[in-house]
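According to my numbering, the stretch in the sequence shown is residues 2 to 337, in order. Beta carbons are placed, not taken as given, at the ideal position from N, Cα and C, and that holds for glycine. Please read these numbers as outputs of a predicted model, since none were measured by experiment. Working notes for the structure below.
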Amino acid sequence: HKHCSRLWVTPAQQRWASSLPMNTVVLFVPQQEAWVVERMGRFHRILEPGLNFLIPLLDRIRYVQSLKEIVIDVPEQSAVSLDNVTLQIDGVLYLRILDPFKASYGVEEPEYAVTQLAQTTMRSELGKLTLDKVFRERESLNSNIVHSINQASDEWGIRCLRYEIKDIHVPPRVKESMQMQVEAERKKRATVLESEGTREAAINVAEGRKQAQILASEGQKAEQINKAAGEAQAVLVKAEAKAKAITLLSDALTQQNGNAAASLTVAEQYVSAFSNLAKESNTILLPSNTGDISGMVSQAMTIYSTLAKASPKAPPEEPQPSSEEVRTEPEEQRNH
2 HKHCSRLWVT
12 PAQQRWASSL
22 PMNTVVLFVP
32 QQEAWVVERM
42 GRFHRILEPG
52 LNFLIPLLDR
62 IRYVQSLKEI
72 VIDVPEQSAV
82 SLDNVTLQID
92 GVLYLRILDP
102 FKASYGVEEP
112 EYAVTQLAQT
122 TMRSELGKLT
132 LDKVFRERES
142 LNSNIVHSIN
152 QASDEWGIRC
162 LRYEIKDIHV
172 PPRVKESMQM
182 QVEAERKKRA
192 TVLESEGTRE
202 AAINVAEGRK
212 QAQILASEGQ
222 KAEQINKAAG
232 EAQAVLVKAE
242 AKAKAITLLS
252 DALTQQNGNA
262 AASLTVAEQY
272 VSAFSNLAKE
282 SNTILLPSNT
292 GDISGMVSQA
302 MTIYSTLAKA
312 SPKAPPEEPQ
322 PSSEEVRTEP
332 EEQRNH
């Protein structure tokens with residue numbers, strides 16, 4: 002069966018629709034089309050795709066509905082946002098006829114009705130958002146429009162699948178202010194990032210100095226501890242050496258001729274000290290008998306003999322030298 006096409010022109014759109022075919026008893030319905038048949042002016046049935054038979058004169062094909070997804074271009078329209086900015090917005094509507102009976106008898110020209118509903122819904126949804134949110138929440142705006150259209154078009158047997166906003170045009174002055182705002186935001190972010198970088202650098206430098214001071218103090222602490230330990234060890238070593246020297250000296254003095262050796266040592270130390278008197282200072286205080294070496298030695302040996310008698314370690318069998326004997330030897334040396 003041959004059927005031509007004619008152009009339906011509406012204020013909102015242009016669409017192609019199949020012309021109503023004549024009842025030729027034997028009809029072939031194309032795929033994805035639904036032909037609504039009326040018998041004596043009353044709805045009879047919907048012809049399925051393929052071979053169909055009708056009664057002449059009684060049956061009439063009243064509506065032809067396409068079951069394919071239909072794309073409708075929503076023309077540009079004006080809308081006012083929540084912050085009173087006038088916008089020019091156009092979009093694309095995707096829909097499909099699910100119930101040919103409701104689409105035929107529920108509304109006149111369903112595509113035109115859905116287009117007008119999409120325009121009014123888009124204006125109402127845009128009135129709920131500010132200008133900035135219109136650009137940021139574009140996806141949620143599209144979904145809200147689809148939900149609002151489906152609530153009204155359910156009685157028409159039409160299902161809105163998608164709605165997409167194509168272009169949003171703002172006034173020139175608003176566009177310039179938006180560009181200035183974007184530039185200000187970028188400068189603000191750049192300044193904030195630069196200040197954060199300076200702050201991080203200062204923090205890093207301070208942390209480095211802190212760590213350096215801590216390490217330096219730890220080094221000084223370790224150095225002082227090591228120095229103190231070294232000095233303590235040196236004192237102990239000197240004390241031990243002195244103790245050993247005293248022990249050896251005491252052992253030597255207890256032997257035979259120990260007093261003579263002690264006298265010789267005292268005389269040597271006296272001569273050595275007397276020779277260095279004028280090397281360290283210009284002012285010197287000298288005793289009256291500085292030249293009497295034998296007298297000084299006799300005095301030192303007398304003190305030594307007195308301490309040796311008082312010491313409990315001295316053996317009782319060895320006779321201690323008397324002061325007269327100590328004085329006698331230096332006097333003989335002095336006479337000579």
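Run through DSSP, which three-state label would leucine 21 get?
coil
Where does glutamate 330 sit, in a helix, a strand or coil, going by DSSP?
Residue placement at glutamate 330 is poorly supported in this model, since its pLDDT is 45, which falls under 50; the coordinates still yield a value, given next. The answer is helix: DSSP assigns glutamate 330 an H, G or I state.
Are the CB atoms of valine 135 and serine 82 within a distance shorter than 8 Å?
yes
For proline 1, count neighbouring Cβ atoms within 10 angstroms of its own Cβ and tell me buried if that reaches 16, exposed if not.
Residue coverage of the chain in this structure runs from 2 to 337, which leaves residue 1 outside it and unanswerable.
Report the rounded CA-to-CA distance for alanine 207 versus glutamine 214, giving the unit in angstroms.
Taking the straight line joining both Cα atoms gives about 10 Å.
Can you check whether the CB of glutamine 78 is closer than 8 Å to the CB of glutamine 120?
yes
Could you tell me if glutamate 112 is buried or exposed, where buried requires 16 or more neighbouring beta carbons within 10 angstroms of its beta carbon?
buried
Kindly indicate the opening and closing residues of the alpha helix (DSSP H) around proline 50.
Run containing proline 50: none; DSSP gives neither H nor E here.
Unbroken beta strand (DSSP E) runs of length 3 or more, entirely within the stretch 38 to 111: which are they?
43 to 48, 51 to 54, 60 to 67, 71 to 81, 87 to 98
Alpha carbon to alpha carbon, how far is glycine 158 from glutamate 99? Give it in angstroms, no decimals.
Per the sequence shown, the amino acid found at residue 99 is leucine instead of glutamate. When rounded, the distance between both Cα atoms is 5 Å.
For leucine 59, which option in Arg163, Asp84, Asn151, Phe44 has the closest C-alpha, if you only look at C-alpha atoms?
Phe44
On a Cα-Cα basis, can you pick out the residue from Asn227, Thr192, Arg139, Ala104 that is closest to aspartate 155?
Ala104
Out of curiosity, what's the CA-to-CA distance linking methionine 123 and isoleucine 146?
6 Å
In its own chain, which residues sit with a C-beta less than 7 Å from the C-beta of asparagine 53, not counting the 5 before and 5 after it?
Leu28, Val30
Where do the ends of the alpha helix (DSSP H) carrying leucine 142 lie?
139 to 154
Here's a check: name, in chain order, each residue in its chain whose Cβ is nearer than 8 Å to the Cβ of arginine 97, leaving out the five neighbours to either side.
For arginine 97, where only same-chain residues beyond five positions count, the Cβ hits under 8 Å are Leu68, Lys69, Glu70, Ile71, Ile159, Arg160, Leu162.
Helix, strand or coil: how does DSSP classify lysine 129 here?
coil
Helix, strand or coil, according to DSSP, for valine 26 in the structure here?
coil
Of the residues Val171, Gln117, Trp36, Pro101, which one's Cα is nearest the Cα of leucine 132?
Val171
What separation, rounded to the nearest whole angstrom, lies between the Cα atoms of valine 115 and isoleucine 150?
7 Å
Just the Cα atoms here: how many angstroms apart are glutamate 109 and valine 193?
Straight-line Cα distance between these residues: approximately 60 Å.
Looking at valine 75 and leucine 94, is the spacing between their C-beta atoms short of 8 Å?
One thing to note: leucine 94 has its Cβ within 8 Å of the Cβ of valine 75.
What are the start and end residues of the alpha helix (DSSP H) that includes threonine 255?
Run containing threonine 255: none; DSSP gives neither H nor E here.
Tell me whether isoleucine 304 is buried or exposed, calling it buried when 16 or more other Cβ atoms sit within 10 Å of its Cβ.
By the 16-neighbour rule on beta-carbons within 10 angstroms, isoleucine 304 is exposed.
Bridge partners for arginine 163 per DSSP, in chain order?
Tyr95
When the distance is taken between beta carbons, is proline 22 closer than 8 Å to isoleucine 62?
yes
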